[in-house]
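Residue numbers (this note's numbering), protein chains in the order written: chain A, 158 to 526; chain B, 342 to 597.
The structure appears below as structure tokens.
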Amino acid sequence: MPQNQSKRMLAFALSGIVLAVLPFIVGSTLGNSWVRTLDFALLYIMLALGLNIVVGFAGLLDLGYIAFYAVGAYTFALLNSPHLSIFMPWWFILPLGAILAAFFGIMLGTPVLRLRGDYLAIVTLGFGEIIRIFMNNLNAPVNITNGPQGINMIKPIEVAGFSLGKPVELFGTTYNSVYIYYYLFLLLAVLTVIICHRLQHSRIGRAWVALREDDVAANAMGLNIRNIKLLAFAMGATFGGVAGGLFASFQGFVSPESFGLMESIMVLAMVVLGGMGNISGVILGAVLLTVTPELLRDIIGPLQMKAFGRMIVDPENARMLMFGLALIVVMLVRPEGLWPSKRRKAEFHDALDDGIPAADSQAADGLKG
Amino acid sequence: MADALLKIEGIHKRFGGLHALNDVGLTINRGEIYGLIGPNGAGKTTLFNVLTGLYQPDEGKFTFNGQDLFRQKPHVVVKAGIARTFQNIRLFGEMTALENVMVGRHVRTKAGALGAILRDRATMAEEKAIRDRARELLNYVGIGNVANERARNLSYGHQRRLEIARALATDPTLLALDEPAAGMNPRETEDLQALMEKVRSSGVTLLLIEHDVKLMMTLCDRIAVLDYGKKIAEGVPQEVKSNPRVIEAYLGAAHA
């Protein structure tokens with residue numbers, strides 16, 4: 158279908174142009190802080206797509222995913238800051254962080270191979286907390302992570318002697334480093350999308366879905382459940398590790414506070430709200446959940462001042478309240494997520510429409526006949 | 342002397358106080374259709390699960406095609422050449438019929454995550470081969486027309502056939518079917534019988550559990566009868582049918 162294909166090419170080209178000029182439009186109208194929000198949205202897209210491999214594709218509920226983000230971030234921070242006076246090139250420590258995260262993914266995966274559902278969620282939650290608490294307490298007797306104070310002055314990524322952390326001047330205008338990071342994050346986010354898409358439509362992707370659908374049948378069809386689960390944990394963790402390294406270099410500062418349970422829940426919410434298992438949906442979820450709280454921050458305070466002339470509710474509380482309400486409403490109205498995969502949408506709707514799976518009702522008919 | 346494909350000896354399986362399999366031994370010969378019958382609760386499905394690696398027997402010997410499969414994991418058993426279907430159909434409901442069969446090819450293919458990401462020529466060729474073979478198998482069991490339907494939306498008879506196609510996708514030497522005719526009308530049973538004959542003539546050995554004794558008597562070359570976890574008879578259908586212990590197990594001592 159050449160017509161269809163040219164349409165797709167056009168859509169790709171258009172979204173490419175939009176994404177390329179987006180920071181300049183946002184920056185000139187809303188200011189640099191919103192470009193920074195865009196950067197974070199891209200970072201969260203990478204994180205959410207990584208978690209989507211574990212939760213969406215393989216169906217393993219992981220509540221400690223942020224631990225891998227922490228591993229990536231701390232790897233970068235420790236090996237490229239004055240804290241330990243080690244300065245290694247980013248092209249070495251970013252992949253190293255990814256590999257370490259994958260290693261931790263397997264470390265987490267191995268003991269939980271036999272667990273499913275709620276039990277798995279609880280153990281992974283514990284794992285996430287363990288990593289955070291380690292980061293918090295590894296400052297004595299030997300100071301490794303600098304404890305709750307965190308590590309600062311992390312060196313930004315440098316490409317060919319050009320530091321991404323410094324503002325650049327272009328056509329007489331100075332652009333903040335958030336602009337340059339935007340393009341780096343965009344590049345890596347696109348790469349993540351391609352990798353996830355290719356994994357999904359492969360022998361490995363099918364094995365993950367089979368595992369999610371029925372692990373006993375999958376095993377009886379010759380799938381090595383252990384390897385497939387570990388691969389899902391490792392692949393998901395890898396993306397978390399890369400995102401963590403980027404986060405560390407972008408912020409220039411990491412502390413255990415950034416890797417709490419709330420962060421894990423937030424990333425999971427992106428996956429679930431957007432549409433588990435569907436890459437487009439997960440991207441939508443990540444963007445919405447990054448942008449909405451910031452949007453509410455900008456709206457609620459001024460709105461109260463305008464309406465009542467003073468602050469009635471603390472804007473920070475009101476913001477989270479509205480955000481929470483919005484999440485509840487979405488999940489009630491669209492339990493399958495905003496943009497679900499066809500497969501998942503059908504899953505929800507069939508279950509709601511007829512109450513019993515089609516096969517069972519027909520089996521009953523067959524027995525009667 | 343026939344050529345033995347699968348051989349078990351002295352298999353025991355206990356669930357707590359229940360001795361589900363008590364010293365069971367049998368031999369399945371290459372190319373035959375071997376039937377397993379017995380009253381409810383006799384241990385047929387337990388034995389079936391032991392033979393397909395889903396249960397680990399407590400004691401005994403289990404060799405298949407010259408390979409020791411005692412206490413091996415299911416995926417090792419599948420790789421060795423034993424594929425199965427389930428009594429209560431267990432398809433990947435949200436995947437299409439074609440995808441279900443493609444999953445069955447997993448064990449005979451090897452593309453990894455790296456290949457999937459890079460999409461190198463070998464991976465793409467393998468992917469195409471998987472798809473082609475899956476289509477071929479759907480046509481073989483006669484449901485090629487529903488390849489892109491989701492498995493859970495297929496009719497019951499089609500689901501049964503899809504399970505057989507998925508199992509055949511693993512290139513089995515022995516295909517084990519757990520009550521394939523359950524819930525089928527006589528017409529569907531006849532079609533299924535024809536399919537099983539076709540599979541056998543393609544060189545695959547079959548193991549069947551079935552309640553439909555009439556079907557078993559016409560289809561099977563040899564039959565084993567289980568009762569209370571023990572094998573009480575084995576032989577060609579005529580012998581088994583007239584065996585007093587079998588009649589006793591099915592109808593009670595008064596009829597023997």
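Ideal placement from N, C-alpha and C gives every residue a C-beta, glycine not left out.
Only a predicted model underlies this, so the values are computations on that prediction, with no experimental measurement involved.
query: Run down chain A in chain order and give the residues with a C-beta less than 8 Å from the C-beta of threonine 393(B).; result: Ala377
query: List in chain order: all unbroken beta strand (DSSP E) runs of 3+ residues lying wholly within the region 422 to 489 of chain A.; result: none
query: Identify, in the order they occur along the chain, each residue of the same chain with its Cβ nearer than 6 Å to the Cβ of threonine 603(B), setting aside the five sequence neighbours on each side.; result: Given a span of 342 to 597 for chain B in the structure shown, any question on residue 603(B) remains unanswerable.
query: Pull out every residue of the region 438 to 467 of chain B whose Cβ sits closer than 9 Å to any Cβ of chain A, in chain order.; result: Glu440, Asn441, Met443, Val444, Gly445, Arg446, His447, Val448, Arg449, Thr450, Lys451, Ala452, Gly453, Ala454, Gly456, Ala457, Ile458, Leu459, Arg460, Thr464, Glu467
query: Give a yes or no on whether the minimum CB-CB distance between glycine 382(B) and chain A is below 8 Å.; result: no
query: Can you find the residues in the same chain that come closer than 6 Å, C-beta to C-beta, to alanine 521(A), ignoring five residues on each side of it along the sequence?; result: Confidence at alanine 521(A) is low in this model, with a pLDDT of 39, below 50, so the placement of that residue should be treated as unreliable; the coordinate-derived value is given next. For alanine 521(A), where only same-chain residues beyond five positions count, there are no Cβ hits under 6 Å.
query: Is lysine 499(A) helix, strand or coil when you go by DSSP?; result: helix
query: Quick one: which unbroken beta strand (DSSP E) runs of 3-plus residues sit fully inside the region 280 to 340 of chain A? Chain order, please.; result: 325 to 327, 330 to 332
query: Just curious, the alpha helix (DSSP H) that leucine 377(B) is in, first and last residue?; result: No alpha helix (DSSP H) contains leucine 377(B), which is instead part of the beta strand (DSSP E) from 374 to 378.
query: Counting pairs of beta carbons, one from the region 252 to 268 of chain A and one from the region 392 to 409 of chain A, are three or more of them closer than 8 Å?; result: yes
query: According to the Cβ coordinates, are isoleucine 385(A) and leucine 368(A) closer than 8 Å?; result: yes
query: On a Cα-Cα basis, can you pick out the residue from Gly207(A), Val175(A), Tyr336(A) that is closest to alanine 389(A)?; result: Gly207(A)
query: Which class does leucine 533(B) belong to by DSSP, given the choice of helix, strand or coil?; result: helix
query: Given a limit of 8 Å on CB to CB distance, which residues of the region 379 to 411 of chain A reach chain B?; result: Gly379, Leu380, Asn381, Ile382, Leu388, Met392
query: At the level of alpha carbons, what is the spacing between valine 487(B) and glutamate 575(B)?; result: 40 Å
query: So, helix, strand or coil for glutamate 575(B), using DSSP?; result: strand
query: Just mark aspartate 519(B) as buried or exposed, buried being the case when its beta carbon has 16 or more other beta carbons within 10 Å.; result: buried
query: Nearest CA to the CA of valine 587(B): which residue from Gln408(B), Gly407(B), Ala517(B), Val554(B)?; result: Val554(B)
query: Taking the beta carbon of leucine 155(A) as the centre, do at least 16 other beta carbons fall within 10 Å, making it buried, or is it exposed?; result: Shown here, chain A extends from 158 to 526; a query on residue 155(A) therefore has no answer.
query: Closest to glycine 366(B) by CA distance: which of Ala424(B), Glu350(B), Ile378(B) is it?; result: Glu350(B)
query: Of all the CB atoms in chain B, is at least one closer than 8 Å to the CB of aspartate 196(A)?; result: no
query: Consult DSSP for phenylalanine 249(A) and reduce its assignment to one of helix, strand or coil.; result: helix
query: Between the alpha carbons of leucine 533(B) and glutamate 477(B), how many angstroms are there, rounded?; result: 18 Å
query: Could you spell out where the alpha helix (DSSP H) holding glycine 207(A) opens and where it closes?; result: 189 to 209
query: Quick one: what's got a C-beta closer than 7 Å to lysine 348(B)'s C-beta in the same chain, skipping five residues either side?; result: Thr368, Thr404
query: Check whether the Cβ of alanine 503(A) lies closer than 8 Å to any Cβ atom in chain B.; result: yes
query: Spatial neighbours of arginine 501(A) within its chain, please: C-beta separation below 8 Å, excluding the five flanking residues on both sides.; result: Gly432, Met433, Gly434, Asn435, Glu493, Gly494
query: Tell me which residues share the same chain as valine 155(A) and place their Cβ nearer than 7 Å to its Cβ, disregarding the 5 neighbours each side in the sequence.; result: The shown model of chain A, from 158 to 526, leaves out residue 155(A), and the question about it has no answer.
query: At a CB distance below 7 Å, what residues from the region 450 to 478 of chain A approach chain B? Give them in sequence order.; result: none
query: Can you confirm whether arginine 289(A), when its beta carbon is compared against all beta carbons of chain B, has any partner nearer than 8 Å?; result: no
query: Touching or not, the region 426 to 442 of chain B and the region 492 to 507 of chain B, by the rule of three or more beta carbon pairs under 8 Å?; result: yes
query: For the region 486 to 502 of chain A, which residues have a beta carbon sitting closer than 7 Å to at least one beta carbon of chain B?; result: Arg500
query: Between glutamate 370(A) and chain B, is the shortest Cβ-Cβ distance under 8 Å, so that the two count as touching?; result: yes
query: Any Cβ of chain A within less than 8 Å of the Cβ of glutamate 575(B)?; result: no
query: Indicate the three-state DSSP secondary structure (helix, strand or coil) for aspartate 275(A) in the structure shown.; result: helix
query: Does any CB atom of chain A fall closer than 8 Å to the CB of phenylalanine 433(B)?; result: yes
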